[in-house]
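In mature numbering (1 follows the signal peptide of the UniProt record, and there is no 0), the protein residues as written are -18 to -1, 1 to 376.
Beta carbons are placed, not taken as given, at the ideal position from N, Cα and C, and that holds for glycine.
Computed from a predicted model, the values in this text were never measured in an experiment.
The next block holds one structure in the form of structure tokens; read it before the comments.
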Amino acid sequence: MRATAITSLLLAASAVHGQPTPHKENQAIYVLTNNHENAVIGLPIQENGLLGEAVATFTGGAGEAGVDSDGVPAGPDSLFSQGAVAVAGEYVFAVNPGDSTISQLKVNRHSPSKLTLLDTAKIPGQFPNSVAATAMGNLVCVGATGTEAGISCTTFSDHGLGDFDALRPFHLNQTTPATGPPNTLSHVLFNTDSTALYALVKGDGTPENPGFISVFPVQYGCKPKSAAQVSLDGIRSSPAGTGLLFGAAIVPSSGLLFATDPGFGVSILEVNTQTHTAISRANTKIPDQSATCWAAYSPKSSSVFVTDVNVNRLVEVDAEDGKVLSIANLPTEDPGLVDLWVVGNFLYALSPGNRTTDAAVVVYDFDTEKLVQRVSLEHLGAGPSAMGMAYIRI
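Below you can see the structure in the form of structure tokens.
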């Protein structure tokens, strides 16, 4: 076992509408501090949709921000990615870019905001910034975007992580820590039935380097939860009109992948299940956008919400044709939003702050079209480096 002893910090979270009513927890969201002493912050979701007391659990690994073209540490958007944390079964997985490790934490079934570190494992690449996990085959894959960039996978169990396999390389000519946002890995995620792993990689905004999506087929043995094998070779596509593919959301039962591109807005990609190639079905320019980079699908509305690190608003987009459905400008002083998740009629979004404003999670009710809560994470050590969001229901 590679895990070390862990301390959990329990601090009351602040909310615009006071303390939520206590009840038995069965849902939570998780975000990553990405500090040098890295930690996952768990926030329970109450019956009324508001967030309760937040708990920070150290990952046993080191966080680190990427740098801009001048070598200045990035933040907000410290990892140039979506998916710094992921959930599968009763486990949370987190990236540690500062020491190129991945952590596996076990969820407390009676209080899912509370975690216990189970294992921390080294990966073959540098600067991991996105992780995907699935209960099918107990498989976890990580995207690295440093000097040695690419995809590596392993299995997980109640005893921890297996050894990560050989890197499926992306030749990005990168640094460690990564220099971005352009020319970095953006997001790794499994498709709906976990038969393929998607990796989105940004270009540099020029026609000569448009970036790409790489699809890695996943094969399983005779038992559904055994012998998962992720192809060593990905099928790459550079969909027309895209150049900086960033965060993505699966559109269930459609074969579509909803992707953001901060160069203009969003792109609806169609992935062929036989050839694993991807084409653009629609590209939509988001009005007055600056850096539309993160996406979350809403099962209730069958739409996708996207966020912009430089604009404090939520944009709702049709999941299949890319038309803008609504724009909600938020009444807070947050500079913008990054990773997000939708549960029922509530949307949870992370604002890492900008060293002037604090890091916080905002809660928006899109039925009433109102911001209903803002929970500061400052006292748990979260700041401009904070990234990621994942959700669990026990």
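Within 10 angstroms of its Cβ, does residue i collect 16 or more other Cβ (buried), or is it exposed?
i           : result
Leu61       : buried
Pro55       : exposed
Asn120      : buried
Ile261      : exposed
residue 379 : Residue 379 is absent from the structure shown; the chain starts at -18 and stops at 376.
Glu298      : buried
Asp243      : buried
Thr188      : exposed
His169      : buried
Leu307      : exposed
Ala368      : buried
Asp316      : buried
Ala222      : exposed
Suppose you measure from the CA of residue i to the CA of residue j; what does that come to, to the nearest Å?
i      : j      : result
Thr177 : Thr338 : 44 Å
Glu351 : Ala310 : 8 Å
Ala36  : Asn173 : 30 Å
Gln156 : Thr166 : 8 Å
Ala76  : Ser85  : 5 Å
Leu226 : Gly24  : 30 Å
Pro4   : Pro26  : Caution applies to Pro4, whose pLDDT of 48 falls short of 50 and renders its modelled position unreliable; the value that the coordinates give is listed next. Each residue's alpha carbon lies about 10 Å from the other.
Thr257 : Ala209 : 23 Å
Gly247 : Leu179 : 23 Å
Asp81  : Val113 : 15 Å
Pro366 : Pro334 : 5 Å
Gly144 : Pro269 : 45 Å
Gln355 : Ala277 : 20 Å
Tyr279 : Pro234 : 9 Å
Asn336 : Arg263 : 35 Å
Pro281 : Asp300 : 12 Å
Ser134 : His141 : 20 Å
Tyr73  : Lys88  : 5 Å
With distances taken Cα to Cα, identify the nearest neighbour of residue i among the options.
i      : options                          : result
Asn16  : His258, Gly162, Pro110 and Ser51 : Pro110
Thr129 : Asn292, Gln108 and Ser82         : Gln108
Val320 : Phe287, Phe146 and Asp50         : Phe287
Please return the same chain residues whose Cβ sits closer than 7 Å to the Cβ of residue i, not counting the five positions on each side in sequence.
i      : result
Gly363 : Thr15, Asn17, Ala21 and Ala38
Arg375 : Asn8 and Gln9
Asp349 : Asn327
Phe152 : Ala131, Gly132, Leu167 and Val183
Gly203 : Ala209
Arg295 : Ile309, Ala310, Asn311 and Leu312
I believe residue i touches residue j by the beta-carbon criterion, under 8 Å. Please report the beta-carbon distance rounded to the nearest angstrom.
i      : j      : result
Gly71  : Ala117 : 5 Å
Val291 : Pro79  : Incorrect: roughly 18 Å between the Cβ atoms, too far for contact.
Ala342 : Leu359 : 6 Å
If I measure Cβ to Cβ from residue i and keep anything under 6 Å in the same chain, skipping five residues before and after, which residues do I get?
i      : result
Asn191 : Gly185
Ala372 : Tyr12, Val67, Ala68 and Val69
Thr224 : Asp243 and Ser249
Going along the chain, which residues of its own chain have a beta-carbon closer than 8 Å to the beta-carbon of residue i, five neighbours each way excluded?
i      : result
Asp215 : Arg150 and Phe198
Asn90  : Lys96, Leu97 and Thr98
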